[in-house]
Each structure stands twice: as structure tokens, then as C-alpha cells.
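Structure first, then comments.
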Amino acid sequence: MYAEGWQIPASELTRRYQALQAKMAQQQIDLAILVQNADLFYFTGSVQQGMLLIPCSGEPVYCVRRDFERARYESTLSTIVEAPSPRQLADFVCQHFGELPKQPGLELDVLPVSFYQRLMRTFPDCDGADITPLIRQVRMIKSPFELARMRGAADQLAVIYEEAKQVICEGMSDLELSAHLEKTARLAGHQGITRMRAFNGEFYCGHAFSGAAGARPTFSDTPLGGVGLTPAVGQGAGHKVIAAHEPIIIDFIGAYQGYLCDQTRTMCLGGLSDDLSRGYDDMLEILWYMEQIAKPGVPWGKIYRQCHEMARTLGHEQAFMGLEGSQVGFIGHGIGTEIDEYPFIARGFDQDVLEENMTFAFEPKLVYPGIGAVGVENTYVVTADGVEALTRCPEALVVL
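Going by my numbering, the sequence shown opens with residue -17, and the numbers climb by one from there.
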């Protein structure tokens, strides 16, 4: 039914929910109630309609509304049951866990208010605690199993990179290029959906845009957006025609069996102006500088400040990380099953430090109004003494 090696082993799921249980005990959360798709996949290995109940000790219970048989096939959890009705939930919890929770943990960043209110009527003598920070802390440390899947996503990006070099030509539209690379990604095993946790966060498998189209800001918290085909989406490739001597951004996310990898490369036909070429070289210098300073124990915010200061010193303050007036406050973002995980290489994160086996994408970029964007992006894993790039395509400007 699926590609080889698709199932998450029971031992991997056990490691994950036990790591969350340890953090729940510290916060006196006695029952986690999870419903968000990325969290369900991470802790069950399946994405079905229902909820996962994780007690502070013992085995979790996956309550599935639909599809129950598919959940049993896909998940290696030992207890998978048909979901009780809302009126039966309190009795169900008492039956399985002995009592109602005093402080349930809920995904308050994504949980609909109506769902929260319904749960509070079920558990009237308690307030729901926000368990999302604990989930993100567990998910930010990747296991060898997870890193292998992220390397699989990086393999897709290598195929996309090579295909882009072969097909880009003058007169092709950004849309034609993007559609061709999207097809390439899917045939290379891309899962099609790229998950983002932020409210109203929407992202496809990638962006390809050229020249001034790459300088159009968008509603999403990203340095690049693109014109898109309609205000209904407001991002991505449009009908602009590729011309010589302008930057072409290939910003794609590989997605392999639930795990993501992010990469940006800049290409052009016949070379770029001296200013754009120098800007691209400077972004490479910032990327390489980050690789020197990032290691376990270094605050996320410190890396941001030092790299941002380097961009300012190089004369790029107004163009760095977005069109002036629409710049973002980060240079890097955690990545795993979602594209906005911990750690954030961003302004204000001075109390949080890098840890071994965290993964993040780092994307220094410059945006020039009416001209376009240049930049580079790799996805990294934090090692014992530094960082290792999971994405491995050549970083040099590609001149076709």
C-alpha cells in the first residue's frame, strides 16, 4: 500500500510519548488530549479523525472516529479504540484511566474554541493547560529514525535541483517552471502536503519565481512570497515570463513519509548584475558564518543577532530577510513534521539554546523592489560540536 519502511515502529512511538509524559509530570498535567494532525501523526503514526489520550504514566489510547480500520493498520500503538461520543467521554476516561483529569493538557494554540468549550463541559472542575510548548520541546529533538526520513526529503530536493537546471529557459513562465518541479517532486515521492502549525499558515511543496515577481511580499511570515495566480492564495508562482540576467528562486520543501527538508537555491540565465552577484555571495558568507558559530549551548537569538549584524555590516540591512517594510524577524526556523517547529533562529529567543539533534532551516535572503530576490537555504541537524547540512546540493549561484 505504501513505500517500504512507511510504518513508525512501536519502540519509536513509545520513546516519544514517554518523553512527553516526563514533561507532563513536571507540569502536573495528568492527561494530554491531542487532536491536531501533525501531533497525531507524531505520536500515533497515523492521521485519523479522533483524539489521542496520553496519561501521565502508562500507555496512551487512540480514540478514532474515522477511519478506525485504517488507524489499526497504520499505527503500532497497542490500544486503538472507536471514539466514544462526546456524552460518553467522561465515563470512557474514568474507565481507562481511573478518574477524570484534574489538569488536562490541550493544544491551545490550534484547538478550536468550540472544541475547547465542549471539553470543559466534559471536565467541569478543571482548566485546560497548554501542552503545545511541551509537545514542541519533545518534537524538536530528532531521533535517528526521524533524521533518516529527513534525509529522504533532502533526496527529493536534489532531484528537483537537477531538474530545474535542465528545464529553465528564456520564455518559460514561472508557473510552467513551478508546475514542472512540483510534478518532479511528486514523482520523487513528495507527500503533496506541507504542514505548518501557525494559524492560517498555508504552504505548498515549493515556490519558483523570477525577477521582480520574487520581490512581492505576502501575508505569510516568510521573506519571499511571490505574486501567485489569484488574491485567494496570494503567494507562489504566477504568469511572469523568465528572462535573462534576473534571479530565479527555487525554494522547495521535500516531504518524505511525514518529514520535511527545506532548501533554496538561486539560478539565472546568463549571469546577474554585479550588485546581485555580490549580494548572493554575501548571503553565502552569512550561511557559512552561521555554520561556524552554531553548536549546542548557543542561544537561538544570539545566532540571529550575530548574523543580522553581519548583514548590516555588509550593507544589506534594508533588503535583508524581506522587502523593506515587510521584513521578517527570523533567519532560521525549526523543521520536522511541520515547517515552523523549534528552534527559531529569531529575534527574542535569548533564553533557549541549541541542543544536539535539533533540526532547523537557515535562509539568508535579500529582496530588492522591482528587481527580485537572491538567497540560499539549507536544512541542518545540530551535532555534538556544530551543525551538519542535510541538504547537499551545491550552494554556488547556478548560471545557465
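Note that the Cβ used here is the ideal one computed from N, Cα and C, for glycine as well. Computed from a predicted model, the values in this text were never measured in an experiment.
If distances are taken between C-alpha atoms only, which option among Cys45, Ile275, Asp21 comes closest to methionine 122?
Per the Cα distances, Asp21.
If I measure Cβ to Cβ from aspartate 332 and keep anything under 6 Å in the same chain, skipping five residues before and after, which residues do I get?
If we look at aspartate 332 and ignore the five residues flanking it on each side, its Cβ neighbours are Pro281, Gly283.
Mind listing, in chain order, the continuous beta strand (DSSP E) runs of no fewer than 3 residues lying wholly within the stretch 272 to 352?
Listed in chain order, they are 312 to 316, 323 to 328, 341 to 344, 347 to 350.
Would DSSP call asparagine 19 helix, strand or coil?
Three-state DSSP puts asparagine 19 in a helix.
Return helix, strand or coil for glycine 208, following the three-state DSSP convention.
Three-state result, glycine 208: coil.
Which same chain residues end up closer than 8 Å to threonine 319 when comparing Cβ atoms and leaving out the 5 residues on each side of it in sequence?
These residues qualify, in order along the chain: Ala20, Phe23, Tyr24, Arg121, Arg177, Gly240, Tyr241, Leu242.
Would you identify the three-state DSSP class for cysteine 375, choosing helix, strand or coil?
Here cysteine 375 sits in coil by DSSP.
Rounded to a whole number of angstroms, what is the C-alpha to C-alpha distance between leucine 348 and valine 215?
Approximately 23 Å between the Cα atoms of the pair.
Check the C-beta distance from isoleucine 36 over to alanine 14 and give it rounded, since I have them as a contact under 8 Å.
With 8 Å as the limit, isoleucine 36 and alanine 14 qualify as a contact, their Cβ atoms being about 4 Å apart.
Using only alpha-carbon positions, find the residue among Pro106, Thr61, Gln70 that is nearest to proline 83.
Taking only the C-alpha atoms, the option nearest proline 83 is Pro106.
Am I right that methionine 132 and threonine 341 are in contact with their C-beta atoms under 8 Å? What's the rounded C-beta distance?
Indeed they touch by this definition, with Cβ atoms about 6 Å apart.
Going by the CB atoms, is the gap between histidine 189 and aspartate 233 shorter than 8 Å?
Contact flag set, yes.
In the DSSP assignment, find the alpha helix (DSSP H) that holds leucine 159 and state where it starts and stops.
Leucine 159 -> alpha helix (DSSP H) spans 156 to 169.
Report yes if the C-beta distance between histidine 298 and aspartate 264 is below 8 Å; otherwise report no.
Closer than 8 Å, so yes.
Who are the near neighbours of glycine 196 in its chain, counting only those whose CB is closer than 7 Å to its CB and skipping five residues on each side?
Closer than 7 Å at Cβ, skipping near neighbours: Leu206, Gly208, Pro229, Ile231, Gly354, Ala355.
Classify isoleucine 142 as buried or exposed, calling it buried when 16 or more other Cβ atoms lie within 10 Å of its own Cβ.
With 16 or more other Cβ atoms within 10 Å, it is buried.
Please say whether valine 17 and leucine 93 have beta carbons closer to each other than 8 Å?
Yes, Cβ-Cβ distance for leucine 93 and valine 17 is below 8 Å.
Between the beta-carbon of glycine 183 and the beta-carbon of serine 202, is there less than 8 Å?
In this structure, serine 202 lies closer than 8 Å to glycine 183 by Cβ.
Let me confirm a value: proline -9 is counted as buried when at least 16 other C-beta atoms fall within 10 Å, else exposed. Which label applies?
Classification for proline -9: exposed.
Could you pull out every unbroken beta strand (DSSP E) segment of at least 3 residues lying fully inside the stretch 3 to 75, listed in chain order?
List check, beta strand (DSSP E) in window: 13 to 16, 31 to 37, 43 to 48, 62 to 64.
Within this structure, are the beta carbons of threonine 248 and leucine 379 separated by less than 8 Å?
In this structure, leucine 379 lies closer than 8 Å to threonine 248 by Cβ.
If you draw a straight line from the C-alpha of serine 96 to the C-alpha of lysine 222, how long is it?
When rounded, the distance between both Cα atoms is 43 Å.
By DSSP, does isoleucine 230 sit in helix, in strand, or in coil?
DSSP places isoleucine 230 in strand when its eight states are reduced to three.
How about isoleucine 268 and isoleucine 275: do their beta carbons lie closer than 8 Å?
Against a cut-off of 8 Å, the Cβ pair of isoleucine 275 and isoleucine 268 comes out as no contact.
Give me, in chain order, the residues of the same chain whose beta-carbon lies closer than 8 Å to that of aspartate 73; leave out the 5 immediate sequence neighbours on both sides.
Cβ neighbours of aspartate 73 beyond the five flanking positions: Pro66.
Cα-Cα, which of Ala328, Tyr238, Phe127, Cys38 is closest to histidine 315?
That would be Ala328, whose Cα lies nearest to the Cα of histidine 315.
Beta carbon of leucine 139, beta carbon of valine 149: below 8 Å?
It is not a contact, given that the beta carbons lie outside the stated cut-off.
On a CA-only basis, which of Arg374, Gly368, Leu169 is nearest methionine 272? Give me that one, please.
Cα-wise, what sits closest to methionine 272 is Gly368.
In angstroms with no decimal places, state the Cα-to-Cα distance between leucine 258 and glutamine 309.
Rounded to the nearest angstrom, the two C-alpha atoms are 19 Å apart.
Please classify cysteine 250 as buried or exposed, where buried requires at least 16 other C-beta atoms within 10 Å of its C-beta.
Buried is the call here.
How long is the line joining the alpha carbons of alanine 194 and tryptophan 270, rounded to whole angstroms?
Their backbone Cα atoms lie some 27 Å apart in a straight line.
Beta-carbon within less than 6 Å of threonine 104's beta-carbon, same chain only, minus the 5 sequence neighbours each way: which residues are those?
Here the set comprises Leu71, Ala72.
According to DSSP, is glutamate 267 part of a helix, a strand, or is it coil?
Of the three classes helix, strand and coil, the one that applies to glutamate 267 here is helix, per DSSP.
Distance check for tryptophan -12 and glutamine 300, CA to CA, integer angstroms please.
Answer to the nearest angstrom: the Cα atoms are 45 Å apart.
Rounding to the nearest angstrom, what Cα-Cα distance links tyrosine -16 and alanine 53 in this structure?
Cα to Cα, tyrosine -16 sits roughly 14 Å from alanine 53.
What would DSSP say about methionine 102, mapped onto helix, strand or coil?
Helix at methionine 102.
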